[in-house]
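FYI, the numbering for the sequence shown is 6 to 243, going by this note's numbering. Here a beta-carbon is modelled for each residue, glycine too, at the ideal position from N, C-alpha and C.
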Amino acid sequence: ITWIYGIPSSSSHALIGGIVGAVMAKAGAGALIAGGIWKTVVFIFVSPILGYILGSLMMVLVAWICRRTSPNKVDRWFRRLQLVSAGAYSLGHGGNDAQKTIGIIWLLLIATGYANAGDASPPTWTIVCCYMAIGLGTMFGGWRIVKTMGQKITKLKPVGGFCAESGGALTLFLATFLGVPVSTTHTITGAIVGVGSTQRASAVRWGVAGNIVWAWVLTIPASAFVASIAYWISLQLY
C-alpha cells in the first residue's frame, strides 16, 4: 500500500509487527520476549534522531571545508564521492535489513524441523535469496520511494546526498555492530531532514515528512493486525 502511494515505510517495522501479531494471536502476549521488544522500540526513536544529527553534522563540516571552493567544483567532487557514500549506505542496508528477513525464514525453518536451533548460521540458500530479493526489489520496484526520498522531502544536491548517505551509513553500521534491528528508511529520512534543515527550516517539506511519520506510526499495528487475521484464516483453512 505504501509503495503504491510512494510513501517510505519501514519493512523492519512491518516484519516486527507481523511477528508480534502472529505470536499474540497464537500464544498471547506472554510468549513475547520483553527485552527484545523494548530494545527494538527504543531504536525506533533513536535511529532517525541519530541519522538527523550525523547528517546535519556532516553537512556543516563539509560546508566549512568547502567554504572557499566554487559551487561547480564542489558539485563535481561530490558527484563522484556520492558513489562511495551510496555504496557504504547500501552495505549498511544489506547488513541490517537482510538479516531480519533471514532471521524470520530461519525461525520458520527451525519451527518446521528443516533446521536446528543449534546451527551456527542459517542455510546458505536463505542468505543468497534474501540478498537477491533486496537487490532486485531496489532495481525494479523502488523508484516511487526513490522519488519521494530524493525530491519531495527536500532538494538534495550531490553534497547533500553525500552527507545524508554518510550519516545514514554510520548509523546503520553502529546498529548492526550492536545487533539492533533498525529501520533503514527512518535512518536515511532523518539524515535527509538533517541535511535540509542546515540550510533553513523551510527547505524541508514538513507536510511530506509528516505523512512519512504517520506511515511509520501505523506500520507496526497495521502489520500486527494483518498477521493476526492471516493466522486466524490459516486455522480455518488448515
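Excluding the 5 residues preceding and the 5 following residue i in the sequence, name in chain order all residues of the same chain whose CB lies nearer than 6 angstroms to its CB.
i, result
"S202", "V209"
"Y94", "E170, G173, A174"
"S16", "none"
"L113", "none"
"W111", "P127"
"C135", "A103, T106, I107"
"F283", "Residue 283 lies beyond the residue range present for the chain, which begins at 6 and ends at 243; the question has no answer from this structure."
"D80", "P163"
"T7", "S14, A220"
"G22", "I225, S228, A229"
Keeping to the same chain, check which residues put their C-beta closer than 8 angstroms to that of residue i; ignore five residues upstream and five downstream.
i, result
"L37", "V25, V28, M29"
"T181", "G97, G100, N101, Q104"
"I115", "N121, A122"
"K31", "Y236"
"H18", "I49, S188, W221, T224, I225, S228"
"K44", "V185"
"R72", "none"
"S52", "T176, A180, V187, S188, H191, T192, G195"
With a 10 Å radius around its C-beta and 16 neighbouring C-beta atoms as the bar for buried, classify residue i as buried or exposed.
i, result
"W69", "exposed"
"I42", "exposed"
"F50", "exposed"
"P76", "exposed"
"G199", "buried"
"G33", "exposed"
"I193", "buried"
"Y243", "exposed"
"L59", "buried"
"A138", "exposed"
"A196", "buried"
"Y57", "buried"
"G142", "exposed"
"V46", "exposed"
"L55", "buried"
"L161", "buried"
"F145", "exposed"
"L240", "exposed"
Using a C-beta cutoff of 8 angstroms, does residue i count as contacting chain D?
i, result
"T159", "Absent from the structure: chain D. Only one protein chain is present."
By Cβ distance, which residues of its chain are closer than 7 angstroms to residue i, with the 5 residues on each side in sequence left out?
i, result
"G40", "none"
Check your understanding: Which whole runs of the alpha helix (DSSP H) in the region 15-78 are 4 residues long or more, in chain order?
Key -> For the region 15-78, whole alpha helix (DSSP H) runs of length 4 or above, ordered along the chain, are 16-32, 39-70.
Point to revise | Segment contact, 8 angstroms Cβ cut-off, at least three pairs: the region 102-115 with the region 131-148 | key: Yes, the region 102-115 is in contact with the region 131-148.
Exercise for review: Could you say if the region 112-128 and the region 79-92 meet the contact criterion of at least three C-beta pairs nearer than 8 angstroms?
Suggested key: Output reads no: the region 79-92 does not touch the region 112-128.
Review point. Is the number of C-beta pairs between the region 161-168 and the region 55-66 that are closer than 8 angstroms three or more?
Key: These segments touch.
**Study point:** Contact the region 73-87 vs the region 220-231: 3+ CB pairs below 8 angstroms
**Key:** Verdict: no, contact absent.
Check your understanding: Curious, which full-length alpha helix (DSSP H) runs of at least 4 residues does the region 96-144 contain?
Key -> Within the region 96-144, the complete alpha helix (DSSP H) runs of at least 4 residues fall at 104-116.
Review point. Which parts of the region 160-232 are runs of the beta strand (DSSP E), unbroken and 3 residues or longer, counting only runs that do not cross its ends?
Key: Fully enclosed beta strand (DSSP E) runs of 3 or longer: not present.
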